[in-house]
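Engineer: Encoded as structure tokens, here's the structure I'll be asking about.
Protein chains: 2
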Amino acid sequence: MSGTMHPEQPPHTPTPRPGGRSARVRADVVAATLAEVTRKGYDGLTVEAVAGRSGAHKATLYRRWGGVDGLVADALTASADEPWPLPDTGDLRQDLRRITQEVFSVFTDPELGPTPTALISAAQRSDIGAAALRAFFAARHQQAAEVAERAVSRGELPVGTDGTEVVRAATAPLYYRLFVSGEPLDARAAERAADAAALAARAGLFTSTPATPATPNPTSPDGN
Amino acid sequence: MSGTMHPEQPPHTPTPRPGGRSARVRADVVAATLAEVTRKGYDGLTVEAVAGRSGAHKATLYRRWGGVDGLVADALTASADEPWPLPDTGDLRQDLRRITQEVFSVFTDPELGPTPTALISAAQRSDIGAAALRAFFAARHQQAAEVAERAVSRGELPVGTDGTEVVRAATAPLYYRLFVSGEPLDARAAERAADAAALAARAGLFTSTPATPATPNPTSPDGN
Numbered sequence: 001m002s003g004t005m006h007p008e009q010p011p012h013t014p015t016p017r018p019g020g021r022s023a024r025v026r027a028d029v030v031a032a033t034l035a036e037v038t039r040k041g042y043d044g045l046t047v048e049a050v051a052g053r054s055g056a057h058k059a060t061l062y063r064r065w066g067g068v069d070g071l072v073a074d075a076l077t078a079s080a081d082e083p084w085p086l087p088d089t090g091d092l093r094q095d096l097r098r099i100t101q102e103v104f105s106v107f108t109d110p111e112l113g114p115t116p117t118a119l120i121s122a123a124q125r126s127d128i129g130a131a132a133l134r135a136f137f138a139a140r141h142q143q144a145a146e147v148a149e150r151a152v153s154r155g156e157l158p159v160g161t162d163g164t165e166v167v168r169a170a171t172a173p174l175y176y177r178l179f180v181s182g183e184p185l186d187a188r189a190a191e192r193a194a195d196a197a198a199l200a201a202r203a204g205l206f207t208s209t210p211a212t213p214a215t216p217n218p219t220s221p222d223g224n
Numbered sequence: 001m002s003g004t005m006h007p008e009q010p011p012h013t014p015t016p017r018p019g020g021r022s023a024r025v026r027a028d029v030v031a032a033t034l035a036e037v038t039r040k041g042y043d044g045l046t047v048e049a050v051a052g053r054s055g056a057h058k059a060t061l062y063r064r065w066g067g068v069d070g071l072v073a074d075a076l077t078a079s080a081d082e083p084w085p086l087p088d089t090g091d092l093r094q095d096l097r098r099i100t101q102e103v104f105s106v107f108t109d110p111e112l113g114p115t116p117t118a119l120i121s122a123a124q125r126s127d128i129g130a131a132a133l134r135a136f137f138a139a140r141h142q143q144a145a146e147v148a149e150r151a152v153s154r155g156e157l158p159v160g161t162d163g164t165e166v167v168r169a170a171t172a173p174l175y176y177r178l179f180v181s182g183e184p185l186d187a188r189a190a191e192r193a194a195d196a197a198a199l200a201a202r203a204g205l206f207t208s209t210p211a212t213p214a215t216p217n218p219t220s221p222d223g224n
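From first to last, the protein sequence lines stand for chains A and B.
Under the working numbering, the letters of the first sequence match residues 1 to 224, in that order.
Under the working numbering, the letters of the second sequence match residues 1 to 224, in that order.
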């Protein structure tokens, strides 16, 4: 990611104190971006409105974030950095159920859901947004993989299990319904996705195998 | 879906012969829409360009399809109606592997992938597009559910298995990577998704249970 994606350390200023003015500006700008994208969507998002809401100068926003797409990308980066408490029930299936239940609850909640929904949709609209989205999900899968790693330690899963694959398997069916097929999502589907992932993990389906050459996704989410 | 979504039978004209002029116009317009959306994406798609490419009058396109979003939605509806040969290997896991391999191959193929990728992305941009997308995936899941129904008949899966859930579980991890997380997709991930779905299906995870109240997805894919 470019320097503009890490506005707490812009290239042309002395290193700011952590939690100093620069970090406060960023927090305000991220909050304003989230509020604006939630209300107006990507098509209605403007640097002017984010400036107005955050109290930052428009010129500052252009200089540090480059524009609307940089603002969206940085809001995702900031979200990825937020602490995210993981369940630790002592049972993989229960841990995965709590994770999918959390995804289900957040995205279908009329108060909580619109912001992440709008942010993900907005990020799909530009290359730097898509890169930030990829990094966001990769970071989340990495964090949540701990539930699988603990299951390996307990002897519940085979040694060599790829924890990120376990988490991806559990959550993919939810994101698929929310952002691709648009089919309704219910608590039972969330539970079933967790149970299926736990079962497959226990059967050793997510153990690492000799590396297959990965095929990079040849198209951007916009199809351009 | 509204009448404009089924241009082969517009409300103000006599019922056309199947395969007649009206059906030919529709086929040309769908092909032109696919070509245009592949090259230019949703943001570059215009009724003018579809008219020019298809040879249909602009006024006809506006009258029958309403505009760009109706064109995108109808292209999806036409895709859903296309025959789609299902594997029948006599083994659920192999059938599911062939299905996920097909999804993987199409979307990652440099020649074949860009059109469905662009069409799905474009459909996410309007309400009637999103409705057509939902109907498209529902139709595909319904068709492909036959592989699970045959497995039930063979005694490979428990009676009462929801075949659409089996297919959804197998394909969701692929669509998730392609359209949400943007993480790279490889043939091994496609195989693993099929194997995990087959395992969960055999364990009875996709049998119908007393209906849980479904929570409709409260937000459009655009977050508006």
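Built from N, CA and C at the ideal position, the CB exists for glycine as well.
Bear in mind that the values here come from a model prediction, so they are computed numbers and not experimental data.
Out of curiosity, what's the CA-to-CA distance linking S105 (chain B) and P87 (chain B)?
Structural biologist: The count along the second sequence starts at 1 and reaches residue 105 (chain B) at position 105. The count along the second sequence starts at 1 and reaches residue 87 (chain B) at position 87. Between the alpha carbons of S105 (chain B) and P87 (chain B) lies a gap of roughly 15 angstroms.
Engineer: Below 8 angstroms, how does it come out for the segment 177-189 of chain A and the segment 197-204 of chain A: are there three or more Cβ pairs, yes or no?
Structural biologist: no
Engineer: If you draw a straight line from the C-alpha of G113 (chain A) to the C-alpha of W84 (chain A), how long is it?
Structural biologist: By one-based count along the first sequence, residue 113 (chain A) stands at place 113. By one-based count along the first sequence, residue 84 (chain A) stands at place 84. G113 (chain A) and W84 (chain A) have their alpha carbons spaced roughly 16 angstroms apart.
Engineer: Using alpha carbons as the reference points, say which of B:E82, B:R140, B:A78 lies closest to A32 (chain B).
Structural biologist: The residue labelled residue 32 (chain B) in the question sits at position 32 within the second sequence. It is B:A78 whose Cα lies nearest to the Cα of A32 (chain B).
Engineer: Using DSSP with H/G/I as helix, E/B as strand and the rest coil, what is L119 (chain A)?
Structural biologist: By one-based count along the first sequence, residue 119 (chain A) stands at place 119. Helix at L119 (chain A).
Engineer: Using 8 angstroms as the threshold, is the C-beta distance between R168 (chain A) and H141 (chain A) below it?
Structural biologist: Start at 1 with the first residue of the first sequence, and residue 168 (chain A) comes out as number 168. Start at 1 with the first residue of the first sequence, and residue 141 (chain A) comes out as number 141. In contact: R168 (chain A) and H141 (chain A) (Cβ atoms closer than 8 angstroms).
Engineer: Give me the residue from B:D127, B:D95, B:A130 with the minimum Cα distance to V147 (chain B).
Structural biologist: By 1-based counting over the second sequence, the position of residue 147 (chain B) is 147. Nearest option by C-alpha distance: B:D95.
Engineer: Only counting the same chain, and skipping five residues up and downstream in sequence, which positions put a Cβ closer than 7 angstroms to that of L34 (chain A)?
Structural biologist: What you label residue 34 (chain A) is simply residue 34 of the first sequence in a count that begins at 1. Here the set comprises A75, T115, L119.
Engineer: Indicate whether at least one CB of chain B lies closer than 8 angstroms to the CB of L199 (chain A).
Structural biologist: Here residue 199 (chain A) refers to the residue found at position 199 of the first sequence. It does: the Cβ of L199 (chain A) has a partner Cβ on chain B nearer than 8 angstroms.
Engineer: Can T108 (chain B) and L185 (chain B) be called in contact, C-beta distance under 8 angstroms?
Structural biologist: Here residue 108 (chain B) refers to the residue found at position 108 of the second sequence. Here residue 185 (chain B) refers to the residue found at position 185 of the second sequence. In contact: T108 (chain B) and L185 (chain B) (Cβ atoms closer than 8 angstroms).
Engineer: Please state the DSSP three-state secondary structure of L185 (chain B).
Structural biologist: The sequence position of residue 185 (chain B) within the second sequence is 185, counting from 1. It is a strand residue.
Engineer: Put T161 (chain A) into one of helix, strand or coil per three-state DSSP.
Structural biologist: Translated into positions along the first sequence, residue 161 (chain A) becomes position 161. DSSP places T161 (chain A) in strand when its eight states are reduced to three.
Engineer: Got a sec: is the Cβ-Cβ distance from S79 (chain B) to anything in chain A below 8 angstroms?
Structural biologist: One-based indexing of the second sequence puts residue 79 (chain B) at position 79. Not closer than 8 angstroms to any Cβ of chain A, the Cβ of S79 (chain B) fails to qualify, so no.
Engineer: Answer with yes or no whether the minimum CB distance from Y62 (chain A) to chain B is below 8 angstroms.
Structural biologist: Locating residue 62 (chain A) in the first sequence gives position 62, where the first residue counts as 1. Judged by the 8 angstroms Cβ criterion, Y62 (chain A) is not in contact with chain B.
Engineer: Interface residues of chain B around S126 (chain A) at Cβ under 9 angstroms?
Structural biologist: In the first sequence, residue 126 (chain A) corresponds to position 126, counting from 1. Going along chain B, no residue has its Cβ under 9 angstroms from S126 (chain A), so there is no contact; the nearest lies around 11 angstroms.
Engineer: Alpha carbon to alpha carbon, what distance is there between A198 (chain A) and G160 (chain B)?
Structural biologist: Counting from 1 along the second sequence, the entry for residue 160 (chain B) is found at position 160. Counting from 1 along the first sequence, the entry for residue 198 (chain A) is found at position 198. Each residue's alpha carbon lies about 22 angstroms from the other.
Engineer: Name the DSSP bridge partner or partners of T207 (chain A)?
Structural biologist: Locating residue 207 (chain A) in the first sequence gives position 207, where the first residue counts as 1. According to DSSP, T207 (chain A) bridges with A:T161.
Engineer: Would K40 (chain B) and E48 (chain B) be called neighbours here (beta carbons separated by less than 8 angstroms)?
Structural biologist: Position 40 of the second sequence holds residue 40 (chain B). Position 48 of the second sequence holds residue 48 (chain B). Result no, Cβ atoms of K40 (chain B) and E48 (chain B) do not sit closer than 8 angstroms.
Engineer: Got a sec? Which residues, its chain only, sit under 8 angstroms from T100 (chain A) by beta carbon, not counting five neighbours each side?
Structural biologist: Against the first sequence, residue 100 (chain A) aligns to sequence position 100. A170, T171, L174, A190, E191, A193, A194.
Engineer: What does P173 (chain B) touch in chain A if you count any residue whose Cβ is under 7 angstroms from its own?
Structural biologist: Sequence index remark: in the second sequence, residue 173 (chain B) carries index 173 (1-based). The contacting residues are R168, A169, A172.
Engineer: Here's a check: name, in chain order, each residue in its chain whose Cβ is nearer than 8 angstroms to the Cβ of A187 (chain A), leaving out the five neighbours to either side.
Structural biologist: Along the first sequence, read from residue 1 onward, the residue named residue 187 (chain A) stands at position 187. Excluding residues within five positions, the ones whose Cβ falls inside 8 angstroms are Q101, F104.
Engineer: Can you name the residues of chain A whose CB is closer than 8 angstroms to the CB of R98 (chain B)?
Structural biologist: As a working mapping, residue 98 (chain B) is identified with position 98 in the second sequence. Here the premise fails: no neighbours, minimum Cβ distance about 18 angstroms.
Engineer: Whole angstroms are fine: how far does the CA of S121 (chain B) sit from the CA of A182 (chain A)?
Structural biologist: Counting from 1 along the first sequence, the entry for residue 182 (chain A) is found at position 182. Counting from 1 along the second sequence, the entry for residue 121 (chain B) is found at position 121. In the sequence on display, residue 182 (chain A) carries Gly and not Ala. So the alpha carbons of these two residues sit roughly 12 angstroms apart.
Engineer: From what residue to what residue does the alpha helix (DSSP H) around Q101 (chain A) run?
Structural biologist: The sequence position of residue 101 (chain A) within the first sequence is 101, counting from 1. Per DSSP, Q101 (chain A) belongs to the alpha helix (DSSP H) from 92-108.
Engineer: Using a Cβ cut-off of 8 angstroms (strictly closer), state whether D69 (chain B) contacts chain A.
Structural biologist: Sequence index remark: in the second sequence, residue 69 (chain B) carries index 69 (1-based). No - not a single Cβ of chain A is within 8 angstroms of the one on D69 (chain B).
Engineer: Indicate whether at least one CB of chain A lies closer than 8 angstroms to the CB of A130 (chain B).
Structural biologist: In the second sequence, residue 130 (chain B) corresponds to position 130, counting from 1. Judged by the 8 angstroms Cβ criterion, A130 (chain B) is in contact with chain A.
Engineer: Whose C-alpha, out of B:D162, B:E149, B:A144, B:S126, is nearest the C-alpha of G66 (chain B)?
Structural biologist: By one-based count along the second sequence, residue 66 (chain B) stands at place 66. Of B:D162, B:E149, B:A144, B:S126, the residue nearest in Cα terms is B:S126.
Engineer: Taking the beta carbon of R63 (chain A) as the centre, do at least 16 other beta carbons fall within 10 Å, making it buried, or is it exposed?
Structural biologist: Here residue 63 (chain A) refers to the residue found at position 63 when the first sequence is read from its first residue. Burial call: exposed.
Engineer: Whole alpha helix (DSSP H) runs in the segment 51-76 of chain B with 4 or more residues, listed along the chain?
Structural biologist: For secondary structure counted as the alpha helix (DSSP H) over 4 or more consecutive residues, the segment 51-76 of chain B holds these complete runs in sequence order: 58-65.
Engineer: In this structure, does DSSP put R168 (chain B) in helix, strand or coil?
Structural biologist: If you number the second sequence from 1, residue 168 (chain B) lands on position 168. R168 (chain B): helix per DSSP, three-state reduction.
Engineer: Does the beta carbon of D195 (chain B) come closer than 8 angstroms to any beta carbon on chain A?
Structural biologist: Within the second sequence, numbered from 1, the residue matching residue 195 (chain B) stands at position 195. Cβ-Cβ to chain A under 8 angstroms: yes for D195 (chain B).
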